[in-house]
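Sequential numbering of the sequence shown, starting at 1, is according to full-length UniProt numbering. Ideal Cβ placement from N, Cα and C applies to all residues, glycine included. Inspection log for the structure reproduced underneath, given as structure tokens.
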Amino acid sequence: SRSFFITAVLRIALGSATVAAITTAGVVLPIINVTHADPALMVLATGAGSVIASHVNDPGFWLFKGYFNLSVGETLRTWTVMETLISVMGLLGVLALNAVLH
1 SRSFFITAVL RIALGSATVA AITTAGVVLP IINVTHADPA LMVLATGAGS VIASHVNDPG
61 FWLFKGYFNL SVGETLRTWT VMETLISVMG LLGVLALNAV LH
């Protein structure tokens, strides 16, 4: 889904899931109108893309690190991997829903 990849790139670059998701909404709106994509699935894909690859430019990364008293490396191996798995599983769920619904 285009919205997933746009959101994921913005999330990795900016660190903010909220900014990535809101920016993607404005970018993909014309795509929805032209391709007649399911808006609900685009929203789900955007949400999934917004949690990918949390790293040092994400405030949530530092909260998790501090709360659990982890090193940066440990946080990358736990928090970042978990967030990325959640994101990819979300995308797979959206693709499965799309296959079933269309």
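- The three-state secondary structure of residue 70, taken from DSSP, is coil.
- Note on residue 11: 16 or more other CB atoms within 10 angstroms of its CB, so buried under the neighbour-count rule.
- DSSP places residue 28 in the uninterrupted alpha helix (DSSP H) bounded by 17-35.
- Taking a cut-off of 8 Å for Cβ pairs, the region 25-39 and the region 61-79 do not touch, as fewer than three such pairs fall below it.
- Residue 100 is classed as exposed because its beta carbon has fewer than 16 other beta carbons within 10 Å across all chains shown.
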